[in-house]
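Beneath this line is the structure, given in structure tokens, with notes to follow.
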Amino acid sequence: MKRNRALALVFAFAVCFWFLPTPTLAQEKAKRKPNIIVILADDLGYSDIGCYGGEIKTPNLDKLAKNGLRFTNFYNTARCCPSRASLMTGLYSHQAGVGLMVENLNQPGYQGQLNRKCVTIAEVLRLIGYRCYMIGKWHLTRNNNFTTAKDAWPLARGFDRFYGLIPGSANYFRPVGLMRDNTPLEVPKDGYYLTDAFSENAVQFIDDHFKDHKEEPFFLYTAYTAPHWPLHALKDDIARYRGKYREGWDVLRQKRHERMKELGIVDPKWKIPPSDAKPWDKLTEKERDDLDLRMAIYAAQVDRMDQGIGKIVAALKKTGQLDNTLILFLADNGGCAEVIERGKGGELGGPDSYSSYGQGWAWLSNAILRLFKHWVHGGGVSSPLVVHWPEGIPERSRGELRRQSGHLIDIMATCIDVSGAAYPKEYQGNKITPLEGKSLVPAFNNQPIEREAIYWEHEGNKAILVKNSKLVSRFPGPWELYDLNADRAETTDLAAREPQRVKELAAKWQAWAERADVLPLRPYGKPKQTKTKASTKTEFQFQAGDNLTGENVPDVAGKSISINADIGPKLGDGVILAHGGRNHGYALFIRDGRLAFAVRQSGVLTSIEAKTPLAAGKASVTALLNKNGTLRLLLDDKLVAEGKGKGAMPAVPGEGLQVGQDLGAAVADYQAPFAFKGDLRRVTLKLTD
Ligand SMILES: [Ca+2]
Numbered sequence: 229m230k231r232n233r234a235l236a237l238v239f240a241f242a243v244c245f246w247f248l249p250t251p252t253l254a255q256e257k258a259k260r261k262p263n264i265i266v267i268l269a270d271d272l273g274y275s276d277i278g279c280y281g282g283e284i285k286t287p288n289l290d291k292l293a294k295n296g297l298r299f300t301n302f303y304n305t306a307r308c309c310p311s312r313a314s315l316m317t318g319l320y321s322h323q324a325g326v327g328l329m330v331e332n333l334n335q336p337g338y339q340g341q342l343n344r345k346c347v348t349i350a351e352v353l354r355l356i357g358y359r360c361y362m363i364g365k366w367h368l369t370r371n372n373n374f375t376t377a378k379d380a381w382p383l384a385r386g387f388d389r390f391y392g393l394i395p396g397s398a399n400y401f402r403p404v405g406l407m408r409d410n411t412p413l414e415v416p417k418d419g420y421y422l423t424d425a426f427s428e429n430a431v432q433f434i435d436d437h438f439k440d441h442k443e444e445p446f447f448l449y450t451a452y453t454a455p456h457w458p459l460h461a462l463k464d465d466i467a468r469y470r471g472k473y474r475e476g477w478d479v480l481r482q483k484r485h486e487r488m489k490e491l492g493i494v495d496p497k498w499k500i501p502p503s504d505a506k507p508w509d510k511l512t513e514k515e516r517d518d519l520d521l522r523m524a525i526y527a528a529q530v531d532r533m534d535q536g537i538g539k540i541v542a543a544l545k546k547t548g549q550l551d552n553t554l555i556l557f558l559a560d561n562g563g564c565a566e567v568i569e570r571g572k573g574g575e576l577g578g579p580d581s582y583s584s585y586g587q588g589w590a591w592l593s594n595a596i597l598r599l600f601k602h603w604v605h606g607g608g609v610s611s612p613l614v615v616h617w618p619e620g621i622p623e624r625s626r627g628e629l630r631r632q633s634g635h636l637i638d639i640m641a642t643c644i645d646v647s648g649a650a651y652p653k654e655y656q657g658n659k660i661t662p663l664e665g666k667s668l669v670p671a672f673n674n675q676p677i678e679r680e681a682i683y684w685e686h687e688g689n690k691a692i693l694v695k696n697s698k699l700v701s702r703f704p705g706p707w708e709l710y711d712l713n714a715d716r717a718e719t720t721d722l723a724a725r726e727p728q729r730v731k732e733l734a735a736k737w738q739a740w741a742e743r744a745d746v747l748p749l750r751p752y753g754k755p756k757q758t759k760t761k762a763s764t765k766t767e768f769q770f771q772a773g774d775n776l777t778g779e780n781v782p783d784v785a786g787k788s789i790s791i792n793a794d795i796g797p798k799l800g801d802g803v804i805l806a807h808g809g810r811n812h813g814y815a816l817f818i819r820d821g822r823l824a825f826a827v828r829q830s831g832v833l834t835s836i837e838a839k840t841p842l843a844a845g846k847a848s849v850t851a852l853l854n855k856n857g858t859l860r861l862l863l864d865d866k867l868v869a870e871g872k873g874k875g876a877m878p879a880v881p882g883e884g885l886q887v888g889q890d891l892g893a894a895v896a897d898y899q900a901p902f903a904f905k906g907d908l909r910r911v912t913l914k915l916t917d
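Shown next, in the form of structure tokens:
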């Protein structure tokens, strides 16, 4: 009896085992982390690809969209470098040190490369065992030359392998500066095309991964340079579009609008802003032919990128990993209206040309939205976002649109969400800025994404989005207010009607700008050297409250400057004298009781400050800028600070000179007008050659 029971138990156990539904497979599937591929296009308009209404053939992206999701309100930062910084780190770009491009402007938010207060997606994912690969354009370091420091290059920021370009745009046929990992490659010979090389190397990375590391998940960041200028494409691809743009930008924009309505990307009730491009029928035959060719080349560039994406998808399919891979396709900024003509001649589209497609076509690329790359109106910051992930997106939802607002900062949060990684508080001994983004995963199931606001700032252009209300300004213009639910293309400004709302949102934007290293604003990447008329005098006597503009300001360009002031007995912080602003300027001021002198040249700030606070009482203070670049501060003729700047002022600052305050943009890193709180009795300025 006992024996029978034992046998029965053994039998039952065996049966259970036998009939267990292949446990290893199900469990493995449950714990298998998804691979993640982020594909970034460069200077691609909101509606360029087929599944957003474009006439450009993008069957591979369209298929991903059909089996995945498309977001209609997804945003970037309006420009290459800040978008890449934001995407990589989950922070607003200024917080990562890249508020502008890759120049160090000696300001925390504008250091020109990723700082150490942020982590990249690769750095986070590798902590839980992901292998991380990068293809394409990095554009996140000021050290672009292979002989310089590589501490902000992909391999120093979490990637195991890299093939691509450290700086921005390049010749597609003969790119200079190609790298494999940290090693420079020779300029390619005939038959090379950058977009294809990126696609092929991405496929290679995937193949190698499944050969050598198939137990581990991977993260692949593929940053194409397409369709950023120069207009360079393969002849066969161009031929398929040549002549298709002869209808012109007015008609084609209308056609895109119709398709966008059909696709549900835009609401039929929305108005569309008029384009300010020259009417197509006012152009000459020669102009039209040239413009048709330009847009055909641009379309060919997008088409070729799509063909490459097809190859990447095929590589995943081959290994059976497509369903377990989250693919995100997006763009770093909207279509670009910059006019570039600097080739050595040669056939347009070929290796010796170096041109762009211009503003008229940028209106088409960004249809139905306003403005372009650089600006934070819809045309500048709206990106397609195609999400493909069969194992993560419910079957019933596939092919749908998502209207939840999202931003590049959300990509890090999404990667963390789907992988189970943790965003670190500290990394390699550095304190890390808290994550700004929100996971997009709730939106995959059509749930809302809870957030307070989305913010933008680039080159002084600024915006904030709270629910459907967008407050936006085009530098140096006033705030405009739009209800994006009723008016996605920003045609009807509600600012005058809703001053209270403007005030609220502006205050919110200001609070963000103050906490996110945005201020002081840096409106231009490379300031224009404007010639300002100025006084011919070499000696000036001022008193508190003076405000000189136009031809009355001292002609400081190329000269040594000396400023002397009698101050006290009452002393306090503030500006004694300031001339200029964000591009060029100089200012003598007191901060935290210490005497300070700052010079700004072509946006770059040099400042010196006394080590000890001023003692109470009357004092004579002097600031000197020698045209050899030496800065000096003297207190009662005694040297209290010294430093070395670039040299004399290169130009007369465009903004005026004030005594006792700094009107307009701040010369140095204080909050203008920073009015002087002490006694200011007499100020003298002298110029010497
Ligand atoms: Ca770009």
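Residue numbers (our numbering): 229 to 917.
By construction, the Cβ of each residue, glycine as well, lies at the ideal position given by its N, Cα and C atoms.
From a predicted model like this one, the values you see are computed outputs, not experimental measurements.
Asked, Found
"Using three-state DSSP, classify residue 711 as helix, strand or coil.", "strand"
"Do residue 577 and residue 456 have their C-beta atoms closer together than 8 Å?", "no"
"Could you tell me the alpha carbon to alpha carbon distance between residue 754 and residue 690, rounded to whole angstroms?", "Note that residue 754 scores a pLDDT of 44, beneath 50, so its modelled location is shaky; the value from the coordinates is reported in the next line. One C-alpha to the other measures close to 19 Å."
"Please name the residue, chosen from 342, 358 and 465, that lies closest to residue 378 on a Cα-to-Cα basis.", "342"
"Should residue 351 be labelled buried (16 or more other beta-carbon atoms within 10 Å of its own) or exposed?", "buried"
"Among residues of its own chain, excluding the 5 on either side of residue 726, which ones have a beta-carbon nearer than 7 Å to its beta-carbon?", "709"
"Measuring only the C-alpha atoms, how far is residue 568 from residue 580?", "14 Å"
"Exposed or buried, which one is residue 887 when buried takes at least 16 other CB atoms within 10 Å?", "buried"
"Pull up the distance between the alpha-carbon of residue 801 and that of residue 898, whole angstroms please.", "11 Å"
"Keeping to the same chain, check which residues put their C-beta closer than 7 Å to that of residue 746; ignore five residues upstream and five downstream.", "322, 327, 337 and 685"
"State the DSSP-derived secondary structure class of residue 460, mapped to helix, strand or coil.", "strand"
"In terms of alpha-carbon separation, which member of 595, 330, 490 and 356 lies closest to residue 367?", "330"
"Would you mind listing the beta strand (DSSP E) stretches within the region 567-620 that are 3+ residues and don't spill past its ends, in chain order?", "610-616"
"Using a Cβ-Cβ cutoff of less than 6 Å, which residues in the same chain neighbour residue 761 once the five nearest sequence positions on both sides are dropped?", "779"
"Can you determine whether any heavy atom of ligand 1 sits closer than 7 Å to the C-beta of residue 478, and answer yes or no?", "no"
"Please state whether DSSP places residue 782 in a helix, a strand or coil.", "strand"
"For residue 874, which three-state DSSP category applies?", "coil"
"Taking contact to mean 3 or more Cβ pairs, one atom from each stretch, closer than 8 Å, check whether the region 700-707 and the region 585-597 are in contact.", "no"
"So, for residue 385: in the same chain, excluding its five sequence neighbours on each side, which residues have a beta-carbon less than 7 Å away from its beta-carbon?", "342, 348, 350 and 351"
"Any chance you could list the alpha helix (DSSP H) runs of at least 4 consecutive residues sitting entirely within the region 424-472, in chain order?", "463-467"
"Using a Cβ-Cβ cutoff of less than 8 Å, which residues in the same chain neighbour residue 758 once the five nearest sequence positions on both sides are dropped?", "With a pLDDT of only 47 at residue 758, under 50, the local geometry of the prediction cannot be trusted, and the value read off the model is given with reservation. So the list reads 879 and 882, once near-sequence residues are dropped."
"Tell me whether residue 243 sits in a helix, a strand or coil according to DSSP, three-state version.", "Here the model assigns residue 243 a pLDDT of 49, short of 50, so the residue's position is not dependable, and the following value carries that caveat. Residue 243 falls in the helix class under three-state DSSP."
"Taking DSSP as the reference, what is the three-state secondary structure of residue 756?", "Reliability fails at residue 756, whose pLDDT of 43 lies under 50, so the model's placement of it is uncertain and no value is given."
"Can you list every residue whose CB sits closer than 5 Å to some heavy atom of ligand 1, going in chain order?", "270, 271, 308, 560 and 561"
"Give me the Cβ distance between residue 301 and residue 634, rounded to the nearest whole Å; I'm assuming they're in contact under 8 Å.", "7 Å"
"Any idea what DSSP makes of residue 253, helix, strand or coil?", "Unreliable positioning characterises residue 253 in this predicted model, as indicated by a pLDDT of 49, which lies under 50. The coordinate reading is nonetheless provided below. Of the three classes helix, strand and coil, the one that applies to residue 253 here is helix, per DSSP."
"Using a Cβ-Cβ cut-off of 7 Å (strictly less than) and excluding sequence neighbours within five positions of residue 582, which residues of its own chain qualify?", "458, 568, 570 and 571"
"For residue 391, write down the residues that DSSP places opposite it in a beta bridge.", "363 and 408"
"Let's test the definition: count the other Cβ atoms within 10 Å of the Cβ of residue 509 and tell me whether it reaches 16, buried, or not, exposed.", "exposed"
"I believe residue 363 touches residue 320 by the beta-carbon criterion, under 8 Å. Please report the beta-carbon distance rounded to the nearest angstrom.", "Actually they are not in contact, since the Cβ atoms of residue 363 and residue 320 sit about 25 Å apart, beyond 8 Å."
"Provide the residue span of the alpha helix (DSSP H) that contains residue 637, from first to last.", "637-647"
"With a 10 Å radius around its C-beta and 16 neighbouring C-beta atoms as the bar for buried, classify residue 423 as buried or exposed.", "buried"
"If I follow the unbroken alpha helix (DSSP H) through residue 400, where does it start and stop?", "From DSSP, residue 400 is part of no alpha helix (DSSP H); its letter is neither H nor E."
"Does DSSP put residue 865 in a helix, in a strand, or in coil?", "coil"
"Measure the beta-carbon distance from residue 782 to residue 891 and round it to whole angstroms, keeping in mind my assumption that it falls under 8 Å.", "Going by Cβ atoms, the distance from residue 782 to residue 891 rounds to 16 Å, so no, they are not a contact pair."
"For residue 846, collect the residues of the same chain with a Cβ closer than 6 Å to its Cβ; drop the 5 residues on either side in sequence, then sort them by chain order.", "796 and 797"
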